[in-house]
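Read in order, the letters of the sequence shown are residues 9 to 174 in the working numbering.
A virtual CB, placed ideally from N, CA and C, is assigned to each residue, including glycine.
Keep in mind the model is a prediction, meaning the values are calculated, not measured.
One structure below.
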Amino acid sequence: MPTTVSHGDMHTPQSELPTERLFMPADKAGIIPRPTGYKCSNPFSSQFIPGDPLNEQQSARTSSVTLRPSACPGLLRIVPALDGGICRIKLAGGVITSAQALAVAQAAQTYAQGVIEATNRANLQIRGISADHDGLIETLMAAGLGPANPASDDVRNLMLSPTAGL
Numbered sequence: 009m010p011t012t013v014s015h016g017d018m019h020t021p022q023s024e025l026p027t028e029r030l031f032m033p034a035d036k037a038g039i040i041p042r043p044t045g046y047k048c049s050n051p052f053s054s055q056f057i058p059g060d061p062l063n064e065q066q067s068a069r070t071s072s073v074t075l076r077p078s079a080c081p082g083l084l085r086i087v088p089a090l091d092g093g094i095c096r097i098k099l100a101g102g103v104i105t106s107a108q109a110l111a112v113a114q115a116a117q118t119y120a121q122g123v124i125e126a127t128n129r130a131n132l133q134i135r136g137i138s139a140d141h142d143g144l145i146e147t148l149m150a151a152g153l154g155p156a157n158p159a160s161d162d163v164r165n166l167m168l169s170p171t172a173g174l
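Shown next, in the form of C-alpha cells:
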C-alpha cells in the first residue's frame, strides 16, 4: 500500500506529492518545510557581533532602538539564522490585504529564498534573507507593512479569547 499524507479529510498518495519539498517534523508545527537538498549559504554571523555589517545596517535604521542579541526579528531588525536572515512582519490584528500579501510574496522571492512562515502570533516571517536586504525592507515598507517608528518593531499582537471573562 502506498504511503499517504493526511491533512484534515484530504489524503494524498506519497507518489503525487511534490518531490522538492520535505514534510515538517511533528515538533515543528507551523513551520513551512524547506526544499529538499536545501543548502545553508548563511551570509551572516551566527552571533551578535559589534561591527558585523548586518548589525551596523540595522543600527543606522533603528537609531534610538537598542539592539539586543536576544531581540526578536522584526521588519527593521533582521536577525541572523543558519539559513540567512529572518524578518518578522507584524500584522495589525492579523489582517493583510491582497496587495500586501503579493508584496510579501514578491519580496520573499526576490530578496530571500522564497520561504514565508505564519507565526503563532498572527505574523508573517520571511527566512533565508541575504545580507543585502535593503530592497526587501523598502518593498515591505512601501506596501504599508512596516512600523510607524522603529521602536514599535518590538510590539506583539495580543492573543486573547473573545469569550474570556464571560
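Taking C-alpha positions only, R135 is separated from R129 by approximately 17 Å. Straight-line spacing of the CA atoms in L110 and D91 works out to 23 Å. Cβ contact annotation for Q121 (same chain, cutoff 6 Å, sequence separation greater than five): G136, in chain order.
Remark: C-beta atoms of V112 and L148 approach each other more closely than 9 Å. Spanning the alpha carbons of D161 and T118 requires a straight line of approximately 23 Å.
Here L132 is not near R85, since their CB atoms are 9 Å or more apart.
Distances from the CA of L99 to each of G143, G82, P88 and G93 were compared; the closest alpha carbon is that of G82. The C-beta of L174 has fewer than 16 other C-beta atoms within 10 Å across all chains shown, which makes the residue exposed.
In this structure, the beta-carbon distance from Q114 to L153 does not fall below 9 Å.
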